[in-house]
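There are 2 protein chains.
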Amino acid sequence: MVNSRFSVAIHILSLIATTSDKSQLTSEYIAGSVNTNPVVVRRMIGVLKKAGLLTSQSGIAGYDLLVEPKDLTLLAIYHAIDGPEQLFAIHDEPNPACSVGQKIQRTLEGVYTSVWHAMEEQLQAQTLQDVLDQLRK
Amino acid sequence: MVNSRFSVAIHILSLIATTSDKSQLTSEYIAGSVNTNPVVVRRMIGVLKKAGLLTSQSGIAGYDLLVEPKDLTLLAIYHAIDGPEQLFAIHDEPNPACSVGQKIQRTLEGVYTSVWHAMEEQLQAQTLQDVLDQLRK
DNA sequence: CAATCCTGTAACTATAATAGTTACAACAGG
DNA sequence: CCTGTTGTAACTATTATAGTTACAGGATTG
Chain A
442 MVNSRFSVAI HILSLIATTS DKSQLTSEYI AGSVNTNPVV VRRMIGVLKK AGLLTSQSGI
502 AGYDLLVEPK DLTLLAIYHA IDGPEQLFAI HDEPNPACSV GQKIQRTLEG VYTSVWHAME
562 EQLQAQTLQD VLDQLRK
Chain B
442 MVNSRFSVAI HILSLIATTS DKSQLTSEYI AGSVNTNPVV VRRMIGVLKK AGLLTSQSGI
502 AGYDLLVEPK DLTLLAIYHA IDGPEQLFAI HDEPNPACSV GQKIQRTLEG VYTSVWHAME
562 EQLQAQTLQD VLDQLRK
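Chains as they are written, first to last, in my numbering: chain A, 442 to 578; chain B, 442 to 578.
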């Protein structure tokens with residue numbers, strides 16, 4: 442299991458998308474909903490901001506999405522948080538003198554890339570709006 | 442990125458499948474090809490053994506596959522090494538008093554499950570024999 | 001302008017996962 | 001009996017993750 446940053450990012454973006462009262466939307470409030478520390482939230486928001494998904498203003502509460510939820514795919518969010526581009530690590534420097542060791546890295550890369558693409562397709566197919574719809578149910 | 446155990450497991454199984462001289466196939470030899478410690482290899486082999494993928498005899502070199510490479514899917518190997526059943530962690534105890542916090546876990550589970558299934562399909566579609574064919578090329 | 005509340009960020013800490021390592025008991029075979 | 005092997009437990013080093021403290025600086029209000 443990778444980590445919970447992707448989950449936290451989606452949670453934060455969902456809150457921003459659904460909270461109308463912007464003065465309420467402080468990092469502390471968000472942290473209360475996510476159940477973490479306000480600094481963790483601000484750190485994550487900094488990353489999402491750099492990726493161009495939202496804006497904020499220093500000293501003033503509230504955040505604004507820069508992309509419509511229906512146009513924001515989960516894959517875009519995943520890329521925004523700079524998640525790993527492969528699922529499985531490949532061990533370093535297998536023995537090149539061995540016929541298996543010599544080719545295993547390239548072979549595994551091929552295998553993992555096909556797995557990765559399948560995952561990307563799924564993330565591409567779902568948007569933040571889909572998540573919001575699920576949350577409202 | 443999860444870890445390199447899956448890669449190491451596939452490497453080990455490939456070696457066992459392709460090495461005809463069983464007396465050569467010691468944990469030290471395998472470790473030399475993988476570029477790790479013999480104990481790491483024996484530990485992994487213990488896991489694969491428990492899962493019923495191979496046999497070995499204490500004190501005597503060599504291992505035998507119990508499943509034909511063409512019948513051994515990468516998904517079976519993945520399950521054998523007890524890899525995580527989800528790709529992304531979900532943060533603990535979001536605030537149930539918040540409409541987002543209340544439903545985010547279940548929602549994310551749904552999202553991640555669909556991603557997971559796509560990945561499983563890919564791993565199910567490839568066998569150890571496919572890996573061996575790639576290695577031989 | 002002073003007080004307060006907020007964001008942004010650096011730096012430190014705690015915890016856990018991962019892999020590597022040492023050590024040794026037990027088995028096999030010459 | 002000696003050597004080489006497997007099987008495991010226990011310890012260590014390294015790294016990733018998340019949580020925390022601290023504080024500089026912007027915004028708002030009385």
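The beta-carbon is built from N, C-alpha and C at its ideal position, and this holds for glycine as well.
Same chain only: Cβ atoms within 7 Å of residue i, ignoring 5 sequence neighbours per side
| i | result |
| --- | --- |
| residue 467 (chain B) | 502 |
| residue 576 (chain B) | 455 |
| residue 573 (chain B) | 455, 458, 459, 510 |
| residue 505 (chain A) | 495, 496 |
| residue 561 (chain A) | 516 |
Endpoints, the beta strand (DSSP E) within which residue i is located
| i | result |
| --- | --- |
| residue 543 (chain A) | Counting along the chain, residue 543 (chain A) falls outside any beta strand (DSSP E), though it belongs to the alpha helix (DSSP H) covering 540 to 565. |
| residue 570 (chain B) | Not the beta strand (DSSP E): residue 570 (chain B) falls in the alpha helix (DSSP H), residues 569 to 577. |
| residue 514 (chain B) | Where residue 514 (chain B) is concerned, there is no enclosing beta strand (DSSP E), given that its DSSP letter is neither H nor E. |
| residue 501 (chain A) | 501 to 506 |
| residue 497 (chain A) | 495 to 498 |
Within-7 Å CB hit, residue i to chain A
| i | result |
| --- | --- |
| residue 503 (chain B) | no |
| residue 493 (chain B) | no |
| residue 478 (chain B) | no |
| residue 485 (chain B) | no |
| residue 550 (chain B) | no |
| residue 468 (chain B) | no |
| residue 531 (chain B) | yes |
| residue 579 (chain B) | Here chain B covers residues 442 to 578 and nothing more, so residue 579 (chain B) does not appear. |
| residue 527 (chain B) | yes |
| residue 563 (chain B) | yes |
| residue 399 (chain B) | Lying outside 442 to 578, the shown extent of chain B, residue 399 (chain B) is not represented and no answer is given. |
| residue 488 (chain B) | no |
Own chain residues within Cβ distance below 8 Å of residue i, not counting five before or after
| i | result |
| --- | --- |
| residue 553 (chain B) | 527, 528, 529, 531 |
| residue 453 (chain B) | 471, 475, 482, 485, 486, 489 |
| residue 478 (chain B) | 472 |
| residue 568 (chain B) | 510, 511, 512, 513, 514, 515 |
| residue 451 (chain A) | 515, 518, 569, 572 |
| residue 525 (chain B) | 443 |
Cutoff 6 Å; reference residue i; Cβ partners in own chain excluding five residues on either side
| i | result |
| --- | --- |
| residue 537 (chain B) | 543 |
| residue 565 (chain A) | 514, 516 |
| residue 535 (chain A) | 542, 545 |
| residue 581 (chain B) | Given a span of 442 to 578 for chain B in the structure shown, any question on residue 581 (chain B) remains unanswerable. |
| residue 521 (chain A) | 489, 492, 494 |
| residue 547 (chain A) | none |
Alpha helix (DSSP H) segment containing residue i, residue limits
| i | result |
| --- | --- |
| residue 468 (chain A) | 468 to 475 |
| residue 459 (chain B) | 446 to 459 |
| residue 489 (chain B) | 479 to 491 |
Chain B within 7 Å of residue i, Cβ atoms only
| i | result |
| --- | --- |
| residue 545 (chain A) | yes |
| residue 506 (chain A) | no |
| residue 559 (chain A) | yes |
| residue 454 (chain A) | no |
| residue 474 (chain A) | yes |
| residue 500 (chain A) | no |
| residue 537 (chain A) | no |
| residue 520 (chain A) | no |
| residue 464 (chain A) | no |
| residue 541 (chain A) | yes |
| residue 556 (chain A) | yes |
| residue 481 (chain A) | no |
| residue 445 (chain A) | yes |
| residue 448 (chain A) | yes |
Neighbour-count burial assignment, residue i, 16 or more Cβ in a 10 Å radius
| i | result |
| --- | --- |
| residue 563 (chain B) | buried |
| residue 507 (chain B) | exposed |
| residue 496 (chain B) | exposed |
| residue 480 (chain B) | exposed |
| residue 446 (chain A) | buried |
| residue 464 (chain B) | exposed |
| residue 461 (chain A) | exposed |
| residue 448 (chain A) | buried |
Residue i beta carbon near the ligand SAM (any heavy atom closer than 6 Å)
| i | result |
| --- | --- |
| residue 540 (chain A) | Of ligands this structure carries none, so the ligand SAM is not represented either. |
Handout entry: the region 552 to 559 of chain B / the region 483 to 491 of chain A touching (three or more Cβ pairs under 8 Å)
Key = These segments do not touch.
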